[in-house]
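There are 2 protein chains.
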Amino acid sequence: MRIGELARDAGISTRLVRYYEQQGLIAPSRQANGYRSYADDDVDRVARIAGLIQSGLPTKLVKEVMNLEDAVAEARPSCPRAVAERLAAELAGIEERIACLSRSRDTIRDYLARTEHAVVLAEAAGDRPD
Amino acid sequence: MRIGELARDAGISTRLVRYYEQQGLIAPSRQANGYRSYADDDVDRVARIAGLIQSGLPTKLVKEVMNLEDAVAEARPSCPRAVAERLAAELAGIEERIACLSRSRDTIRDYLARTEHAVVLAEAAGDRPD
DNA sequence: CTTGACATTGACACCAATGTCAAAGTTTAG
DNA sequence: CTAAACTTTGACATTGGTGTCAATGTCAAG
Numbered sequence: 001m002r003i004g005e006l007a008r009d010a011g012i013s014t015r016l017v018r019y020y021e022q023q024g025l026i027a028p029s030r031q032a033n034g035y036r037s038y039a040d041d042d043v044d045r046v047a048r049i050a051g052l053i054q055s056g057l058p059t060k061l062v063k064e065v066m067n068l069e070d071a072v073a074e075a076r077p078s079c080p081r082a083v084a085e086r087l088a089a090e091l092a093g094i095e096e097r098i099a100c101l102s103r104s105r106d107t108i109r110d111y112l113a114r115t116e117h118a119v120v121l122a123e124a125a126g127d128r129p130d
Numbered sequence: 001m002r003i004g005e006l007a008r009d010a011g012i013s014t015r016l017v018r019y020y021e022q023q024g025l026i027a028p029s030r031q032a033n034g035y036r037s038y039a040d041d042d043v044d045r046v047a048r049i050a051g052l053i054q055s056g057l058p059t060k061l062v063k064e065v066m067n068l069e070d071a072v073a074e075a076r077p078s079c080p081r082a083v084a085e086r087l088a089a090e091l092a093g094i095e096e097r098i099a100c101l102s103r104s105r106d107t108i109r110d111y112l113a114r115t116e117h118a119v120v121l122a123e124a125a126g127d128r129p130d
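So the sequence lines, in the order shown, correspond to chains A and B.
Under full-length UniProt numbering, the residue at position 126 of the first sequence is numbered 126, and the numbers go up by one with no gaps.
Under full-length UniProt numbering, the residue at position 74 of the second sequence is numbered 74, and the numbers go up by one with no gaps.
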């Protein structure tokens with residue numbers, strides 16, 4: 001598929017897709033005419049990249065995480081101790097973010113639940129209003 | 001306490017503390033000499049603000065969440081339906097981020113666990129069950 | 001009184017993530 | 001064949017979060 005469809009499906013602008021590529025986060029092949037060509041899996045990958053970036057991870061870190069994701073598929077990965085330590089540090093950072101966001105999530109849920117607006121909560125939980 | 005101590009305790013620069021204030025996220029009182037004066041609770045509040053911002057929430061959103069946090073303390077809060085709907089939307093956004101980050105967390109954990117670097121993982125683990 | 005640490009405001013600077021626009025080539029529908 | 005819709009690259013603009021510097025004020029300790 002081409003960039004327009006990919007972007008639409010992933011829910012971001014084509015501009016960002018190209019930006020991610022420039023940052024080394026994706027490497028689409030090219031058609032004879034020079035158009036970028038994406039696989040179906042790339043929709044997910046790109047959406048995931050966007051999600052991480054929106055969660056405050058810098059592209060450089062996102063890149064590492066994505067690489068790791070590919071590496072995990074392999075049988076017996078390994079890495080120098082130093083790398084492992086850096087990853088552990090990043091892991092801690094991510095866990096902090098999760099904790100922070102979780103708390104806010106609880107706060108908002110709590111608030112909505114207590115303002116007789118359980119209706120809205122229920123709606124949002126099931127389908128996707130816009 | 002004054003801004004220097006607050007910043008140190010909260011783990012950010014004084015520059016950021018002032019920036020947060022400018023964005024309406026905190027409202028310290030002033031001493032006679034013009035110095036900002038913070039309460040002990042503000043350390044937590046500021047650390048929390050910083051955490052949310054690092055998690056990708058724009059200051060405007062952080063502000064709302066913090067206001068909510070204060071409001072939740074009240075007995076019988078209430079808000080117009082429109083507001084509740086916007087909050088629900090934000091809640092969804094936050095949940096998405098959490099999902100994204102959680103997946104990355106699992107990936108990294110997994111990776112570290114499988115690269116005989118369980119050592120590092122254990123070291124970094126002191127806290128954070130969930 | 002002087003010095004050093006900390007505060008104040010305001011300005012300028014930087015980076016990363018995005019938007020937007022322009023000029024040119026490609027594909028597709030009518 | 002033409003027009004609309006897409007794509008390419010490249011450049012410029014913007015925004016939000018930060019760092020940093022400068023000039024000035026406050027205060028505690030020697």
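For each residue, glycine too, the CB sits at the ideal point set by N, CA and C.
All figures in this text were calculated on a predicted structure; none of them were measured in a lab.
For Leu-101/B, the chain A residues whose Cβ falls inside 7 Å of its Cβ are Ser-55, Ile-94, Arg-97 and Ile-98, in order along the chain. Taking 8 Å as the cut-off, the Cβ atoms of Val-65/B and Ile-108/A count as close. The C-beta distance from Ile-53/A to Ser-102/B rounds to 16 Å, too long to meet the 8 Å contact threshold. When beta bridges are read from the DSSP output, Ser-37/B appears opposite Ser-29/B. Secondary structure of Ser-102/A (DSSP, three-state): helix.
About 17 Å separates the Cβ atoms of Ile-26/B and Ser-104/A, ruling out a contact at the 8 Å cut-off. Listed along the chain, the chain B residues whose CB falls inside 7 Å of the CB of Thr-115/A are Pro-77, Ser-78, Cys-79 and Ala-84.
Annotation for Gly-4/B: the continuous alpha helix (DSSP H) segment containing it runs 3-10.
About 14 Å separates the beta carbons of Ile-3/A and Arg-45/A, which is beyond the 8 Å limit, so they are not a contact pair. For Thr-59/A, the enclosing alpha helix (DSSP H) begins and ends at 59-73. Beyond the five residues adjoining it in sequence on each side, Thr-14/A comes within less than 7 Å, by CB distance, of Ile-3, Gly-4 and Ala-7 in the same chain, given in chain order. Where Gln-23/A is concerned, there is no enclosing alpha helix (DSSP H), because DSSP gives it neither an H nor an E.
When secondary structure is reduced to three states using DSSP, Thr-107/B falls in the helix class. Residue environment analysis places Ser-55/A among the buried positions, since at least 16 neighbouring C-beta atoms fall within 10 angstroms of its C-beta.
With fewer than 16 neighbouring CB atoms inside 10 Å of its own CB, Pro-58/A falls in the exposed class.
Judged by DSSP in its simplified three-state form, Thr-115/B adopts coil rather than helix or strand. Assigned with DSSP and collapsed to three states, Gly-56/A falls in coil, not helix or strand. In terms of Cβ geometry, Ala-10/B and Ala-47/B form a close pair [threshold 8 Å]. A Cβ of chain A is located within less than 8 Å of the beta carbon of Leu-68/B. Interface criterion met: the Cβ of Ile-108/A is under 8 Å from a Cβ in chain B. When 7 Å is used as the limit between beta carbons, Ser-104/A is near these residues of chain B: Leu-52, Val-65 and Ile-94, in chain order.
Scanning chain A for C-beta atoms nearer than 8 Å to the C-beta of Val-72/B yields Thr-107, Asp-110, Tyr-111 and Arg-114, reported in chain order. At least one C-beta of chain B is nearer than 8 Å to the C-beta of Glu-90/A.
Within the segment 32-49 of chain A, contact with chain B at the beta-carbon level (separation under 8 Å) is assigned to Arg-48. Exposed is the label assigned to Pro-80/A, since fewer than 16 other Cβ atoms lie within 10 Å of its Cβ.
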